[in-house]
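If you read the sequences in order, they're chains C and S.
With my numbering applied, the first sequence corresponds to residues 20 to 486, in that order.
With my numbering applied, the second sequence corresponds to residues 20 to 486, in that order.
There are 2 protein chains.
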Amino acid sequence: MRWKTSAIPSISSPSAQYDVNYFTQTLDHFSFTPQSYVTFQQKYLINSKHWGGASSNSPIFVYTGNEGYIEWFTQNTGFMFDIAPQFKALLVFIEHRYYGESMPFGSKDVAYSNDSTLGYLSSTQALADYAILITDLKKNLSAEDSPVVVFGGSYGGMLAAWFRLKYPHIAIGALASSAPILAFDDIVPSDGYYNIVSNDFRNESENCFNVIKKSWKILSEMSSTSSNRRSLKESLKLCQDSDVDSVEGWLSDAYFEAAETDYPTPANFIQNLPAYPVKQMCKAIDNPSSGNNILSQLYGAANIYYNYTGNLSCFDLRPSDPHGEGGWSFQTSTEMMMPMTIDPVKSMFPGSDYMESIQDFTYLNFTWAISDWIPTEFGGHNIKRVLKRFGSNIIFFNGLRDPWSNGGVLEDINKSIVAIIAKEGAHHVDLRFATEEDPKWLVHVRKKEIDIIKRWIIQYDKDLRTI
Amino acid sequence: MRWKTSAIPSISSPSAQYDVNYFTQTLDHFSFTPQSYVTFQQKYLINSKHWGGASSNSPIFVYTGNEGYIEWFTQNTGFMFDIAPQFKALLVFIEHRYYGESMPFGSKDVAYSNDSTLGYLSSTQALADYAILITDLKKNLSAEDSPVVVFGGSYGGMLAAWFRLKYPHIAIGALASSAPILAFDDIVPSDGYYNIVSNDFRNESENCFNVIKKSWKILSEMSSTSSNRRSLKESLKLCQDSDVDSVEGWLSDAYFEAAETDYPTPANFIQNLPAYPVKQMCKAIDNPSSGNNILSQLYGAANIYYNYTGNLSCFDLRPSDPHGEGGWSFQTSTEMMMPMTIDPVKSMFPGSDYMESIQDFTYLNFTWAISDWIPTEFGGHNIKRVLKRFGSNIIFFNGLRDPWSNGGVLEDINKSIVAIIAKEGAHHVDLRFATEEDPKWLVHVRKKEIDIIKRWIIQYDKDLRTI
């Protein structure tokens with residue numbers, strides 16, 4: 020494994036600094052049953068080091084937390100820390116209900132025990148949480164006139180965009196990074212996600228793409244005899260005997276997530292990875308370190324994605340949840356159902372149709388009942404026509420290597436609801452801490468975002484004095 | 020009672036024609052508990068007589084129902100019927116959940132039995148009901164490209180305005196008539212409502228104002244002896260012995276509601292009334308038909324307001340609810356708390372302070388907990404600054420004789436979120452059926468509204484072809 024024995028490039032991104040706070044939040048903002056008034060503690064992180072204060076109406080930058088520990092997203096949203104000094108901004112990172120410590124009903128065990136308790140996990144409740152917390156925080160800081168800008172990546176980016184659309188009286192603008200707000204219903208082609216992943220690999224190397232494409236048939240044959248199964252386990256260095264479906268899922272995840280996090284510098288978001296992990300995985304496939312058979316090629320690619328630090332002696336395929344994302348499967352099986360199919364011709368993956376895509380979700384009956392809820396509540400169909408004469412101040416960033424860009428807003432909608440596209444970009448790469456190795460296009464994307472946010476604040480300050 | 024023995028001007032407004040439909044609606048749109056998936060039948064009325072049809076993208080005009088039977092609001096929103104032919108519009112009037120027949124849990128008795136069932140009565144749930152019903156209706160009519168304009172008066176007008184703000188992808192514009200969306204928290208002066216009522220009476224006659232102003236002291240003295248109480252009952256022709264508080268409330272309501280419905284033509288909205296009822300009540304006070312004492316003057320005024328048809332032989336002060344508005348007290352004691360105080364100097368009413376105003380609401384603890392919920396969810400503070408660069412296509416109509424105009428939007432916010440004011444107007448007078456006796460200013464208001472709505476639709480049609 021020569022290609023990774025030399026020192027791993029040190030990930031020199033600074034660590035996010037903050038104080039930890041809690042806010043007493045109400046369980047249900049939209050009904051008034053006795054249960055609605057139950058409260059829980061919502062965690063939020065705050066950094067006031069550079070804040071200019073309420074008296075100068077210095078801005079408040081809020082991260083609208085998504086599905087996981089808020090510390091995880093905070094550490095991966097260095098952009099807010101990087102730009103805080105020039106904006107004299109207060110930084111606030113709010114944890115999403117039912118994730119991390121922000122657990123109703125006292126504990127995750129109770130909160131997740133059944134639908135009666137878990138049922139209050141929804142995007143609309145989360146947005147109202149943010150509205151209430153921000154309003155209260157501003158009041159407590161006597162900073163009612165400080166403009167709020169919301170930031171978010173991925174689902175957090177959807178929440179940021181939707182927050183600006185639904186709560187324009189609380190946020191003057193939103194940076195929605197890699198937010199697939201169009202991933203619902205039939206708004207975008209459902210096979211786009213896996214096609215993007217496949218093209219990312221193909222663009223690195225046609226051979227790499229072809230090896231992966233033909234690997235599935237070979238993998239499926241590996242379940243035929245016990246010696247084949249042993250060989251599979253040994254070749255891929257699996258810790259346990261694993262069925263072929265699990266192995267296929269594990270490899271698919273590696274390809275998908277490598278494309279998603281195909282960052283230009285070493286990064287530790289989902290996994291600890293080198294710069295351009297897709298390129299590295301294809302190198303491992305194109306130049307296998309041990310033997311030129313497909314299993315050793317797949318091992319090489321998987322070893323980049325899952326074991327870049329080299330600490331693992333074997334791969335444990337049992338489910339793990341290091342970032343506390345467990346609630347997301349409830350969300351995708353209720354309102355967040357984003358149909359994904361796989362085209363076996365265009366992509367390098369085995370085919371999967373719409374029905375399979377939907378059946379992946381746990382609560383099948385529920386899913387069917389509300390599969391068009393998100394476009395009904397937040398829109399999405401004909402978004403350009405709808406928002407051309409409505410709304411303002413949203414930046415939609417998308418990196419086109421990111422499969423999620425398939426569900427993103429890729430064109431300007433009006434003068435101030437704009438799309439920023441980076442052909443070479445990956446999942447909310449703009450939100451990461453800047454590094455000295457950042458490519459020019461990324462420096463340029465961030466500068467553009469900063470300039471736009473500055474214009475929002477200047478305009479707000481002007482309005483504040485005159486309206 | 021000469022001044023009303025001659026024939027009552029016949030109320031010649033046509034009667035609203037419609038078909039009755041029901042839609043299977045979900046109880047809770049924002050959570051996913053087992054209870055959330057309970058369904059109920061939501062009533063809506065539809066008139067397709069003039070609709071140009073889906074193939075020509077002819078518009079759909081939707082009334083966002085408020086607190087009462089939908090038939091009541093439909094009959095009092097003749098404007099939509101009057102303009103349907105020129106717009107070739109489909110008319111839809113949706114009943115608000117927990118009113119009329121749109122009763123979850125099978126019956127009003129069960130639905131209203133406790134907070135566990137009644138708790139799903141909220142503005143946000145109602146707006147989502149409308150979003151879902153309209154989306155489904157358009158799909159069923161294959162009219163996805165037909166533009167929807169929402170209409171509403173009073174609370175229904177708030178819902179119309181909020182619907183355009185929260186669901187711009189479903190409604191291209193809103194006519195929000197007499198919608199006091201600023202009546203919350205401390206956005207507008209809480210004593211404005213009763214000052215407007217008082218000024219309406221004062222503008223008719225200084226004597227009338229003064230008689231009412233001094234009447235409260237005399238009334239309060241009427242409880243001192245049993246002979247006084249008997250005299251009170253006889254003078255005011257009350258059916259039952261009634262305490263002075265009830266009588267005061269009953270008279271206050273008459274003044275308030277007469278100001279609210281001070282229409283220029285005979286009308287039957289809250290009560291069957293002559294044109295300009297405030298003027299008529301002041302005439303009764305200024306020229307009492309029997310005896311020149313205050314009680315007979317008050318009787319004369321009350322008899323105009325409560326008994327214009329002359330059918331009542333005595334006044335029954337026990338609560339009645341002819342329009343099915345019972346749920347409103349739950350709404351005002353949860354989220355719809357609009358603080359109202361009374362200035363005993365400026366107004367003709369006995370003083371009432373902020374605390375009393377709040378204590379009028381039943382569920383005191385709940386009220387306190389969420390008194391700022393509506394501005395948090397829908398905005399209202401600094402509305403001009405917030406919406407100047409956000410949102411479009413809302414008409415806020417207000418008649419300045421209407422006490423509710425105190426909480427209305429009285430100034431243009433931007434080019435297409437505009438205020439139309441009628442100095443002589445009352446509560447959503449613009450929405451009433453046109454009559455031949457309508458004053459010029461009212462004809463002018465409606466023409467202005469029609470012109471604006473036409474522009475919205477022309478713009479939409481253009482966008483539909485090009486975006």
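Built from N, CA and C at the ideal position, the CB exists for glycine as well.
Quick check on residue i: does DSSP put it in helix, strand or coil?
i        : result
Leu257/S : strand
Val81/S  : strand
Leu383/C : Here Leu383/C scores only 45 on pLDDT, less than 50, and its place in the model is too uncertain to base an answer on.
Ile206/C : coil
Ser196/S : strand
Val129/S : helix
Asn95/C  : coil
Gly172/C : strand
Ser339/S : coil
Leu483/C : helix
Ala388/S : Only weak support exists for where Ala388/S lies, its pLDDT of 44 falling under 50; the value from the coordinates is given anyway. Ala388/S: helix per DSSP, three-state reduction.
Look at residue i and residue j and say whether their C-beta atoms are less than 7 Å apart.
i        : j        : result
Phe203/C : Gly399/C : yes
Gly176/S : Trp475/S : no
Asp480/S : Glu279/S : no
Leu255/C : Tyr318/C : yes
Asp529/S : Asn226/S : In the structure as shown, chain S begins at 20 and stops at 486. Residue 529/S is therefore absent and cannot be evaluated.
Ala162/C : Ala179/C : no
Tyr327/S : Asn287/S : no
Lys107/S : His69/S  : yes
Phe124/C : Thr143/C : no
Glu90/S  : Trp347/S : no
Phe409/C : Gly410/S : yes
Ser197/S : His446/S : yes
Tyr213/S : Phe368/S : yes
Ile113/C : Tyr149/C : yes
Leu5/S   : Phe182/S : In the structure displayed, chain S extends from 20 to 486; residue 5/S sits before or after that span and is not available.
Ala118/S : Thr96/S  : First, the residue type needs correcting, since residue 118/S is Tyr and not Ala in the sequence shown. No; because the gap between Cβ atoms is not below 7 Å, this pair is not in contact.
Trp460/C : Ala441/C : yes
Who are the neighbours of residue i on chain C, taking C-beta pairs under 8 Å?
i        : result
Ser132/S : Those within 8 Å of Ser132/S in chain C number zero; the least Cβ separation is about 13 Å.
Pro53/S  : Asp134, Ser135, Gly138
Gly410/S : Pro187, Phe409, Gly410
Asp482/S : Arg404, Lys407, Arg408
Would you list the residues sitting across from residue i in a DSSP beta bridge?
i        : result
Lys62/C  : Tyr41/C
Ile440/S : Asn417/S
Asn401/C : Gly399/C
Val448/C : None, per the DSSP bridge assignment.
Ala145/S : None, per the DSSP bridge assignment.
Asn291/C : Asn287/C
Val167/S : Ile79/S
Ser371/S : Ile361/S
Val111/C : Ile65/C, Val81/C
Below 8 Å on the Cβ atoms is my guess for residue i versus residue j; work out the distance and round it to an integer in Å.
i        : j        : result
Pro285/S : Pro458/S : Incorrect: roughly 14 Å between the Cβ atoms, too far for contact.
Ser165/S : Pro78/S  : 6 Å
Glu267/S : Trp235/S : 7 Å
Asn425/S : Ile215/S : 6 Å
Lys403/C : Ile432/C : 5 Å
Ile436/S : Ile471/S : Contact flag wrong, Cβ pair sits at about 11 Å.
Show which residues of chain S have a CB atom less than 8 Å away from the CB atom of residue i.
i        : result
Tyr174/C : Neighbours of Tyr174/C on chain S: none; closest Cβ ~16 Å, over 8 Å.
Leu336/C : Chain S residues near Leu336/C: none, gap ~30 Å exceeds 8 Å.
Going along chain S in order, which residues have a C-beta closer than 7 Å to the C-beta of residue i?
i        : result
Val492/C : The structure shown does not extend to residue 492/C, since chain C is modelled only from 20 to 486, so the question has no answer here.
Glu86/C  : Near Glu86/C there are no residues of chain S at all, since even the closest Cβ is about 15 Å away, more than 7 Å.
Thr351/C : The premise fails here: Thr351/C is roughly 12 Å from chain S at the closest Cβ pair, so nothing lies under 7 Å.
For residue i, which residues in chain S fall below 9 Å Cβ to Cβ?
i        : result
Ala150/C : Thr395, Glu396
Thr154/C : Asp391, Pro394, Thr395
Thr518/C : Residue 518/C lies beyond the stretch modelled for chain C, which goes from 20 to 486, so this question has no answer here.
Starting from the beta carbon of residue i, find every residue of chain C whose beta carbon is closer than 7 Å, and list them in chain order.
i        : result
Lys403/S : Ile486
List the residues of chain C whose Cβ lies closer than 9 Å to the Cβ of residue i, in chain order.
i        : result
His115/S : Within 9 Å Cβ-Cβ: nothing; His115/S doesn't reach chain C, min ~15 Å.
His400/S : Glu163, His188
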